[in-house]
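Below you'll find the structure, written out as C-alpha coordinates, and then a few comments.
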Amino acid sequence: MEKLIEILKGIRPNINIESTTLIDDGELDSFDIVTLVSEIIDAFGVELSVDDILPENFNSIEAMLKLIESKK
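Numbering of the sequence shown is given in this note's numbering, commencing with residue 141 and proceeding in unit increments.
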(Lines of atoms letter the chains of each structure in order from A and count residues from 1; the text may use other names and numbers.)
(Lines give C-alpha, C1' and ligand atoms only; values in the text may rest on other atoms or scores of the structure.)
Protein backbone atom coordinates (compact mmCIF):
# COMPACT_ATOMS: atom_id res chain seq x y z
CA MET A 1 0.00 0.00 0.00
CA GLU A 2 2.84 2.40 0.83
CA LYS A 3 4.26 2.17 -2.69
CA LEU A 4 0.87 2.97 -4.20
CA ILE A 5 0.39 5.95 -1.87
CA GLU A 6 3.84 7.22 -2.84
CA ILE A 7 2.92 6.95 -6.54
CA LEU A 8 -0.38 8.79 -5.98
CA LYS A 9 1.31 11.58 -4.03
CA GLY A 10 3.89 11.87 -6.81
CA ILE A 11 1.08 12.43 -9.28
CA ARG A 12 -1.08 14.63 -7.03
CA PRO A 13 0.78 15.83 -3.89
CA ASN A 14 -2.42 17.04 -2.17
CA ILE A 15 -4.51 13.96 -2.96
CA ASN A 16 -6.97 12.81 -0.32
CA ILE A 17 -5.87 9.19 -0.05
CA GLU A 18 -8.77 8.42 2.28
CA SER A 19 -11.29 9.16 -0.46
CA THR A 20 -13.30 6.26 -1.84
CA THR A 21 -14.31 8.37 -4.83
CA LEU A 22 -11.00 9.68 -6.18
CA ILE A 23 -12.27 10.01 -9.73
CA ASP A 24 -15.82 11.07 -8.87
CA ASP A 25 -14.50 13.83 -6.57
CA GLY A 26 -12.01 15.09 -9.15
CA GLU A 27 -8.97 13.99 -7.14
CA LEU A 28 -7.77 12.14 -10.27
CA ASP A 29 -8.42 13.07 -13.89
CA SER A 30 -7.91 11.09 -17.10
CA PHE A 31 -4.31 12.24 -17.52
CA ASP A 32 -3.58 11.17 -13.93
CA ILE A 33 -5.04 7.72 -14.66
CA VAL A 34 -2.79 7.28 -17.72
CA THR A 35 0.22 8.24 -15.60
CA LEU A 36 -0.96 6.03 -12.75
CA VAL A 37 -1.38 2.99 -15.01
CA SER A 38 2.17 3.41 -16.29
CA GLU A 39 3.54 3.81 -12.76
CA ILE A 40 1.63 0.75 -11.48
CA ILE A 41 2.95 -1.38 -14.34
CA ASP A 42 6.53 -0.31 -13.60
CA ALA A 43 6.34 -0.43 -9.80
CA PHE A 44 4.40 -3.67 -9.37
CA GLY A 45 5.46 -5.58 -12.49
CA VAL A 46 1.91 -6.27 -13.60
CA GLU A 47 0.24 -5.98 -16.98
CA LEU A 48 -2.93 -3.92 -17.25
CA SER A 49 -5.15 -4.04 -20.30
CA VAL A 50 -7.53 -1.47 -21.71
CA ASP A 51 -10.34 -3.51 -20.12
CA ASP A 52 -8.82 -2.84 -16.68
CA ILE A 53 -8.92 0.93 -17.08
CA LEU A 54 -12.34 1.49 -15.58
CA PRO A 55 -13.26 4.21 -13.08
CA GLU A 56 -14.25 1.65 -10.46
CA ASN A 57 -10.71 0.20 -10.53
CA PHE A 58 -9.15 3.59 -9.72
CA ASN A 59 -11.74 5.30 -7.50
CA SER A 60 -9.99 4.26 -4.27
CA ILE A 61 -6.69 2.91 -3.04
CA GLU A 62 -8.43 -0.31 -2.04
CA ALA A 63 -9.82 -0.77 -5.57
CA MET A 64 -6.36 -0.18 -7.06
CA LEU A 65 -4.76 -2.66 -4.68
CA LYS A 66 -7.42 -5.24 -5.54
CA LEU A 67 -6.72 -4.71 -9.25
CA ILE A 68 -2.96 -5.04 -8.73
CA GLU A 69 -3.37 -8.23 -6.68
CA SER A 70 -5.65 -9.73 -9.33
CA LYS A 71 -2.91 -9.24 -11.94
CA LYS A 72 -0.09 -10.91 -9.99
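Just so you know, even glycine gets a beta-carbon here, dropped at the ideal spot from N, CA and C.
Spatial distance of residue i from residue j (CA atoms)
{"i": "Asp192", "j": "Ile180", "result": "12 Å"}
{"i": "Leu205", "j": "Phe171", "result": "20 Å"}
Beta-carbon proximity check, residue i vs residue j, cutoff 8 Å
{"i": "Asp164", "j": "Asn199", "result": "yes"}
{"i": "Ile147", "j": "Ala203", "result": "no"}
{"i": "Ile157", "j": "Ile145", "result": "yes"}
{"i": "Leu188", "j": "Lys211", "result": "yes"}
Residue i - DSSP class collapsed to helix/strand/coil
{"i": "Glu158", "result": "coil"}
{"i": "Gly150", "result": "helix"}
{"i": "Leu207", "result": "helix"}
Exposure of residue i, with buried meaning 16 or more beta-carbon neighbours within 10 Å
{"i": "Asn197", "result": "buried"}
{"i": "Ile208", "result": "buried"}
{"i": "Glu167", "result": "buried"}
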